[in-house]
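Student: Take this structure first; my questions come after.
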Amino acid sequence: MRILVTVLAIASGVTVLAGYFLAGAVPVLDQARFILTDWAVILAGMAALIGVANLVFVHIEKVRSQPGTSLYSAVLIIALFGTTLYGVIAGPEDSFLNFAVTAIVIPVEASLLALLAVTLVYACIRLARRRADVMSVIFLVTIVLFLLAVMPTPIGPIPVLDRLILGMTGVVSGAGARGLLIGVALGTLLTGLRVLLGIDRPYGGN
Amino acid sequence: MSFEVVSAVIGLLLTLMVFSYLIGDNPLFRLAVYLFIGVASGYAVTVIWHSVLVPRLLDPLGNPNRLAWTVVPLILSISLWAKLSPRISRLGGFAMAVIVGVGAATAIGGALTGTLIPQVEAAMDSFDSSEGAVMLAGTVLTLAYFQFGAKRAPDDTIKRGAVIELLAWLGRLFIAVTLGVLFAGVYLSALTALIERLSSIINLVKSLLGL
Amino acid sequence: MAEIRCSACGKNNPDFLDSCQFCQSPLIPESKLFIGEEPTKKDTGELEEILPDWLKDVRQQGKNAEAGDDSFRVQTQPRVPKDEPPDLLAGLLSQSETDEEEIPDWLAGIAASSEKPSLSKPSSDEGPPAFFAGLDQPEKQTVAPTPSESKPDEIPDWMRAEEKTSKQHDDLSARLSQPSSAEPVEETDWAKTFASFDSFAEEPAVQKEPEDLSWLRELEASSKEMSETPMPQARGSEFTPAASNEDLSWLNELGGISAPAFEEPAPPSSSSAEEDLSWLTNLGGATAPASEPQAPSQSSSSNAELDWLSDLQEATNLPSAPAFADTGELNSGLGIPPSSKPFQTAPLNELLGDESIKDVTPDWLKNALEESSMPAPGSVSMDWFSEREKPGETKAEDLFASSQGEAVSSQPAFDFSLGDSSAAVQDLDALFNVEMPDWLAGGQEGGAPPSQQEAKDSAPAFAENALSPVELPSWVQAMRPVDSALEETAASVTDQITETQGPLAGFRGIIPAFPIGSSLRPKALSLKLQVTGEQQTGASLLEQIIASETTVQPQKEQAAVSSQRVLRWVLSGLFLMVLGAVIGLGSKTMPIYASATHSELSSLIATIPENAPVLVVVDYEPSFAGELEATAGPLLDQLALSRRAAFSFISMSPTGSALADRLILNTGVGGLGYQPNLNYFHLGFLPGGSSGVLAFIENPENDFTRFEGVILITDHAESGRVWVEQLQAAGPEIAAKPLLLVASAQAGPLLQPYVSAGQADVMIHGLYDAAKYEFVNNSRPGTARAYWDAFGSGILLAVFAILSGGVWGVLMRMREQRRAELEQE
Amino acid sequence: MTALGVLLLAAVILLVFVVLRRRSPAVFRRIEAYERLRKAIGLAVEGGTRLHVSVGRGDLLTGRGGSALAGLAMLRRLSEQTSFSDQPPIVTSGDASLAILSQDALQAGYRAAGAEEQYRFTTGRLTGLTPFAFAAGTVPIIHDEKISANVVIGDLGPESALLAEAARLENVDLIAASDNLSAQAVLYASSQEPLIGEELFSAGAYLGAGASHDASLQTQDLLRWLIILAMLGGAVLKVLGIGF
């Protein structure tokens with residue numbers, strides 16, 4: 001069975017990949033790619049339901065085993081079930097569901113991101129204390145200069161500084177970002193290849 | 001009280017509850033977060049149900065023309081539920097194999113056609129200017145930084161070659177600047193979010209107070 | 001001939017046997033590694049002389065049996081050295097396993113080396129020395145029981161007696177299969193003495209007892225199963241390279257001279273049997289001076305350790321240098337009393353000093369007695385030659401004569417050893433170049449190729465610097481190989497020690513620098529705990545854990561935590577208060593300046609037809625809603641205001657449709673009377689990443705061509721990459737449509753390359769850009785403007801905090817370092 | 001076709017290195033974060049503490065799936081190494097498919113360590129289906145579960161700062177890496193030892209996951225230099241006016 005699973009993974013991966021590169025030469029590969037991708041999307045959708053079920057199980061267990069935190073878990077389960085049931089029945093365009101998103105999801109998410117404004121500054125301060133090597137110093141100096149360059153002031157942009165800094169940091173960071181992106185792409189390529197070659201088999205528990 | 005006001009009030013309360021995390025972990029923060037997770041996940045499931053499962057899996061079941069192509073994902077989808085039980089979780093391996101296989105291919109395709117080749121070409125193309133030369137040098141140095149292979153020195157320390165170490169050191173400078181710029185960008189995003197949250201709170205308070 | 005009395009049955013056995021040929025009891029306790037208790041090789045020197053004869057016969061047996069099965073031979077050859085560290089036995093094995101070329105080498109070495117050998121001709125058929133036949137006979141019976149092979153006529157009397165007894169046992173393999181439970185073999189003093197030498201070189205042999213048995217088993221099997229290439233052989237071959245190295249290492253040490261003779265490139269699949277034979281080949285070469293007066297001495301080596309070898313060579317060239325007489329001379333000359341020799345040699349010396357024994361013992365046997373058993377092949381042969389050249393010693397002369405006669409018949413061996421006829425042989429020789437001892441190669445002068453001659457030329461100088469050959473007793477010669485073996489094996493790490501004091505002053509390597517056999521013995525289990533780095537890490541961690549259990553440092557930790565908290569609270573309060581104040585006051589004091597980029601965007605929007613559908617991709621998370629609504633607001637506002645564009649929203653995240661509604665509501669678009677499903681549409685959630693995007697673009701139902709432009713609002717670079725990629729992949733018509741990017745500040749730098757490369761037309765990223773665009777656009781004051789002052793304040797706060805915090809951090813670090821330095825002082 | 005050529009080249013080099021690496025181990029430069037991670041693993045096993053491992057929220061069907069797969073490979077190794085700890089690791093993820101795969105990886109690790117009976121279905125958790133929901137759901141775990149170290153390797157965005165903050169509040173290590181550059185920047189400032197760029201993909205090799213991971217990293221090295229050469233060569237050719 002494990003072999004069959006592996007074969008299926010490799011076959012579907014290779015087919016999709018062939019569709020990527022050889023679709024022009026072999027149109028059927030393109031079609032096969034779309035079919036497989038469609039299946040994968042369906043399965044990922046189904047996986048979402050299973051994932052949510054897992055979420056529920058975990059919190060049900062929490063309610064059972066950790067009375068102290070059971071309230072939060074209960075809130076989560078209720079909110080989840082309520083939203084899901086209502087949403088499945090009413091549909092995502094329903095105004096009440098929109099209300100739930102607007103009143104709960106967006107404010108909380110935005111607030112969580114807003115927390116970062118303080119957290120990140122604090123992290124910079126700690127970084128200077130914790131790891132004052134050349135790279136960290138350059139990192140912090142760049143942050144400060146970049147912020148100064150984009151900072152609105154009562155007198156407008158700081159003369160010369162904005163263009164100079166933005167130009168310099170733009171070039172340097174562009175180069176660095178390109179290198180980082182290429183590196184990440186390389187890593188992704190090799191990781192994907194390991195899966196397609198059957199070396200890594202996360203689906204088979206290997 | 002209109003829907004919008006109620007929504008704004010709830011949003012305000014939740015924002016304050018989340019902000020309480022600035023003091024430290026506390027029940028208010030927990031409550032807001034768990035509520036948020038429940039609603040967000042529920043909403044996501046709703047969208048997935050209506051946008052993915054119904055149109056792609058359930059609807060075709062009633063369509064004889066598309067039925068054949070739906071049987072396989074249907075069976076795989078059902079088998080996926082075996083993942084809820086560790087004992088029979090292997091049954092769901094086929095479905096996960098399809099996801100992983102397609103995902104790996106997508107990752108490879110995206111990495112190659114989306115980043116690797118276009119970025120390499122861009123690095124080559126931009127070489128005709130001084131900025132381009134710096135960009136190219138920076139890209140090369142950044143890449144050199146990641147050299148993993150090293151040699152074991154006689155004193156049992158593991159080091160890369162001296163040239164690579166030098167290139168890597170220079171590459172670190174580019175990486176530091178890049179991360180600094182990106183960090184500043186994240187900060188600006190977070191700051192904007194903070195301003196937006198504070199604005200919504202202040203505006204709501206103002207409106208509630210009739211100011 | 002040396003004999004070992006079997007402790008089990010009380011009968012005598014040739015001491016080259018590991019097990020009693022009568023009762024199969026091991027003659028040597030296998031489990032012990034006592035120095036001097038390994039009789040197997042003790043008399044190798046003696047056997048060296050003996051070997052040619054029976055080896056021939058055995059070889060003949062093998063030849064008959066194997067019928068030239070080369071593959072079989074190759075597979076079995078490697079066993080030889082491993083099975084039988086004494087090279088003598090290696091030769092035996094190789095012969096028994098039908099290697100035609102191996103015995104000839106050996107014999108050729110004994111024969112006149114000047115004779116032109118022929119590679120494939122066996123030498124065993126023709127005239128082996130009669131006295132060797134005795135040894136041959138028992139071997140034939142035990143190893144390869146083909147009756148036609150036996151040559152009883154050739155057996156000397158002294159050997160026949162032994163043969164009679166040995167004939168009682170005809171199955172060697174049965175003997176070998178018995179457990180090695182016998183007690184140590186009783187030995188004569190001289191044998192013990194030799195054994196003490198042997199211990200240096202024979203350690204590997206002791207280790208390989210089972211393999212020694214196996215080769216014998218194989219020997220038997222080979223005679224029974226002719227052409228098989230069974231697994232055990234293959235297995236044996238796996239081990240033999242290393243074994244051969246070990247076995248021949250001492251020879252290598254001895255044979256620096258011979259290196260030139262084997263400088264052909266070695267084939268990778270070296271056969272250890274061939275290696276074993278190569279020393280024999282060289283040995284044959286070593287005899288050359290005896291028959292070739294033009295060869296002045298042994299080939300040279302600058303290695304001082306080989307001094308003795310030159311002496312040896314000279315000894316073989318000088319008929320007037322009988323080994324035993326030399327012994328005394330040497331002793332007196334060096335001022336070394338016989339009794340003062342090292343423990344290994346003392347008994348031998350005594351024995352040799354016993355004239356009665358000397359008189360009784362035939363010369364060749366004397367030599368054998370003098371030899372160290374292990375390295376015997378070379379050294380013994382040397383002695384043998386020296387003896388052979390002794391005038392008036394009929395036995396030696398007989399031997400010489402017989403060997404000469406044999407040399408004629410053993411031309412194939414010469415051919416093999418000299419490597420001048422066959423490429424394969426050359427390869428083999430090349431192999432031996434690596435493995436073979438120089439001293440042995442030096443003996444090949446007679447038939448040596450030019451390279452050897454070069455080496456030979458330097459020999460006289462070498463000989464001059466060396467001890468007088470006359471002064472060297474044969475027992476010393478016997479010791480030399482032992483030293484060499486040590487150097488190659490046990491003492492390979494360091495140079496051999498040259499004795500500076502005492503009776504051995506001037507000798508090198510007589511006394512091993514290392515405990516005897518230390519590296520040759522099976523590695524004992526170290527009492528020291530062997531731990532990996534990982535385990536060490538684990539151990540240190542455990543240590544830390546235990547230490548942390550007993551060390552109480554809560555105060556400092558608490559203080560640090562509280563200071564961190566205070567700092568965090570201060571920062572939080574500062575941010576909330578300052579920003580709240582700025583927002584609450586509605587400050588709009590900070591001016592905004594336009595940039596050229598944003599003018600381009602306005603121009604681009606102007607090209608979009610009125611009421612044209614525009615696709616708006618919502619690909620951001622709710623957390624970025626505030627920023628991206630402010631950032632996208634001016635653009636959507638302008639599109640709605642000036643072009644009355646119809647927006648079609650498609651989302652890449654599940655919450656996208658809700659975000660789209662909010663986007664319309666929170667920008668100026670909502671105030672322009674835009675109604676859902678009339679002025680703007682929800683196309684839903686688009687899963688599947690890039691594949692989903694491509695499917696959406698290519699789906700005819702969506703009629704993508706109708707869109708006059710695409711606005712991508714995103715908070716991550718991946719999204720921009722996907723859309724840029726898929727729009728271009730969809731064809732030139734779609735790729736030509738304007739693509740406007742609205743990005744979060746954190747994604748902007750990463751999307752900039754796409755804009756720079758022209759893959760996207762314009763990008764607005766972050767509030768910074770949006771405010772400028774809003775200003776250029778002359779649109780109604782929007783969200784961006786409302787946030788602008790707070791934005792500036794927030795940045796200023798951050799800069800201030802980071803700078804002050806950074807300076808504080810650096811100062812703190814410096815202070816800590818200073819404190820640490822002070823503490824160290 | 002260039003892409004296909006690069007793909008095939010990478011595959012061949014990978015296979016060659018896999019064969020070579022089985023014969024001799026590779027030596028890689030020291031990365032402090034992995035040293036710390038090894039220490040954390042040891043601490044978890046020896047001290048009976050608990051590791052929190054997160055594989056991020058990378059959607060496997062997008063280009064971000066690569067980092068998710070890398071995270072899974074790391075998790076597989078980690079679970080094997082820590083399965084005998086008194087406190088088995090908790091694994092969190094922000095994508096449902098990833099959550100299922102993380103459970104598989106956990107179970108496989110336990111199985112490989114011969115402790116499959118200790119595997120608990122609930123130790124592999126989906127904490128939220130949106131990025132911030134995932135982060136928000138993970139923060140309480142960091143606070144509540146007596147975590148000794150957090151290992152976050154996968155696709156994460158700026159929300160990773162929340163995890164870093166929670167770890168800091170609990171005064172426990174955070175070893176984190178993301179393919180998202182924004183998150184890398186955040187984590188560079190927030191985590192004790194940063195993992196930058198493609199160092200994310202080296203987790204398996206540095207944790208001794210096997211020859212294939214070593215080979216993968218070496219292939220990465222080789223391809224990187226080939227890319228560098230291609231860029232430099234291409235740029236020179238462009239300057240010389242030789243188009244291609």
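Residue numbers (this note's numbering), protein chains in the order written: chain A, 1 to 206; chain B, 1 to 211; chain C, 1 to 825; chain D, 1 to 244. Backbone N, C-alpha and C define an ideal beta-carbon position, used for all residues, glycine too.
On the criterion of 16 or more Cβ atoms from any shown chain inside 10 Å, does Tyr262(D) qualify as buried, or is it exposed?
Tutor: Since the first residue of chain D shown is 1 and the last is 244, residue 262(D) is not available in this structure.
Student: Spatial neighbours of Thr188(A) within its chain, please: CB distance less than 7 Å, with the 5 preceding and 5 following residues excluded, ordered by chain position.
Tutor: Excluding positions up to five away in sequence, the list is empty.
Student: Report yes or no: is there a C-beta of chain C within less than 8 Å of the C-beta of Asn180(D)?
Tutor: Taking Cβ atoms only, chain C reaches closer than 8 Å to Asn180(D), which makes this a yes.
Student: Report yes if the CB atom of Gly38(B) is closer than 8 Å to the CB atom of Thr6(A), and no otherwise.
Tutor: No. Outside cutoff.
Student: Check whether the Cβ atoms of Leu639(C) and Ile605(C) lie closer than 8 Å to each other.
Tutor: Yes, the pair counts as a contact, with Cβ atoms nearer than the cut-off.
Student: Could you have a look at Tyr20(A) and say whether DSSP puts it in helix, strand or coil?
Tutor: The answer is helix: DSSP assigns Tyr20(A) an H, G or I state.
Student: List the residues of chain D whose Cβ lies closer than 8 Å to the Cβ of Pro202(A), in chain order.
Tutor: Those within 8 Å of Pro202(A) in chain D are Leu69, Leu72, Ala73, Arg76, Leu101, Asp104, Ala105.
Student: Find the nearest neighbour of Leu574(C) within the set Phe800(C), Ala820(C), Ser642(C), Ala632(C), judged by alpha-carbon distance.
Tutor: For Leu574(C), the nearest C-alpha among the options comes from Phe800(C).
Student: Can you tell me where the beta strand (DSSP E) holding Met763(C) begins and where it ends?
Tutor: Element bounds for Met763(C): 762-765.
Student: Hey, Asp155(D) and Arg57(D): beta-carbon distance below 8 Å or not?
Tutor: Closer than 8 Å, so yes.
Student: Would you kindly check if the distance between the Cβ of Val152(D) and the Cβ of Leu174(D) is under 8 Å?
Tutor: It is a contact, given that the beta carbons lie within the stated cut-off.
Student: Helix, strand or coil, according to DSSP, for Ser93(D) in the structure here?
Tutor: The answer is strand: DSSP assigns Ser93(D) an E or B state.
Student: Between the Cα of Ser691(C) and the Cα atoms of Gly42(B), Leu28(B), Met135(B), Ala105(B), which residue gives the shortest distance?
Tutor: Considering only alpha carbons, the answer is Ala105(B).
Student: Using a cut-off of 9 Å between C-beta atoms, extract the partners of Phe132(D) located in chain C.
Tutor: Per Cβ cutoff of 9 Å: Glu621, Pro622, Ser623.
Student: Identify the contact partners of Thr102(A) in chain B, using a Cβ-Cβ distance below 7 Å as the criterion.
Tutor: Neighbours of Thr102(A) on chain B, chain order: Ser7.
Student: Taking C-alpha atoms, which residue in Leu641(C), Gly671(C), Tyr620(C) lies nearest to Phe649(C)?
Tutor: Comparing Cα positions, the closest option is Tyr620(C).
Student: The alpha helix (DSSP H) that contains Gly71(D), what's its start and end?
Tutor: 65-82 is the extent of the alpha helix (DSSP H) around Gly71(D).
Student: Cβ closer than 7 Å: which chain C residues qualify as neighbours of Pro154(A)?
Tutor: Here the neighbours are Thr589, Met590.
Student: Mind checking which residues open and close the alpha helix (DSSP H) that includes Tyr680(C)?
Tutor: Premise fails: Tyr680(C) lies in the beta strand (DSSP E), 680-685, not in any alpha helix (DSSP H).
Student: With a threshold of 7 Å on Cβ separation, who are the neighbours of Glu61(A) within its own chain once the five nearest residues in sequence on each side are excluded?
Tutor: Once the five neighbours on either side are set aside, Glu61(A) has no close Cβ partner at all.
Student: Among Leu188(B), Ala184(B), Ala137(B), which residue has its Cα nearest to the Cα of Ala168(B)?
Tutor: Nearest of Leu188(B), Ala184(B), Ala137(B) to Ala168(B), Cα basis: Ala137(B).
Student: Check the Cβ-Cβ distances between Thr15(B) and every residue of chain D, and say whether any is below 8 Å.
Tutor: Not an interface residue.
Student: Anything in chain D within Cβ reach of Val102(B), meaning under 7 Å, just list it in chain order.
Tutor: Result: Leu61.
Student: Beta-carbon separation of Ala44(D) and Phe127(B) under 8 Å?
Tutor: No.
Student: Shortest alpha-carbon distance to Thr192(B) belongs to which of Arg819(C), Arg785(C), Ser804(C)?
Tutor: Per the Cα distances, Arg785(C).
Student: With burial defined as no fewer than 16 other Cβ atoms inside 10 Å of the residue's Cβ, what is the status of Leu277(C): buried or exposed?
Tutor: With a pLDDT of only 40 at Leu277(C), under the threshold of 50, the placement of this residue in the model should not be trusted; the figure read from the coordinates follows. When all chains shown are included, Leu277(C) counts as buried.
Student: What in chain B is Cβ-close to Leu20(D), meaning under 8 Å?
Tutor: By Cβ distance, chain B contributes nothing, its closest Cβ being about 12 Å from Leu20(D), past 8 Å.
Student: Helix, strand or coil: how does DSSP classify Gly192(A) here?
Tutor: Three-state DSSP puts Gly192(A) in a helix.
Student: Output yes if chain B places a C-beta closer than 8 Å to the C-beta of Phe34(A); else output no.
Tutor: Cβ-Cβ to chain B under 8 Å: no for Phe34(A).
Student: Determine the DSSP secondary structure at Asn150(D), reduced to helix, strand or coil.
Tutor: DSSP places Asn150(D) in strand when its eight states are reduced to three.
Student: Report back the beta-carbon spacing between Val58(A) and Arg125(D) to the nearest angstrom; my notes put them in contact at under 8 Å.
Tutor: So it is a contact: roughly 5 Å between Cβ atoms.
Student: Under 9 Å Cβ-Cβ, which residues of chain A neighbour Phe201(D)?
Tutor: Within chain A, the residues near Phe201(D) are Gly183, Val184, Leu186, Gly187, Thr188, Leu190, Thr191.
Student: Can you tell me where the beta strand (DSSP E) holding Thr714(C) begins and where it ends?
Tutor: Where Thr714(C) is concerned, the enclosing beta strand (DSSP E) stretches over 709-714.
Student: Please identify, using Cβ separations under 8 Å, the residues of the stretch 565-577 of chain C that lie next to chain B, in order along the chain.
Tutor: Residues passing the 8 Å Cβ filter: Arg565, Arg568, Trp569, Ser572, Phe575, Leu576.
Student: One question on the structure: do Ser602(C) and Glu109(A) come within less than 8 Å of each other, judged by their Cβ atoms?
Tutor: No.
Student: Three or more C-beta pairs closer than 8 Å, one from the stretch 32-47 of chain D and one from the stretch 78-92 of chain D: is that the case here?
Tutor: Touching, yes.
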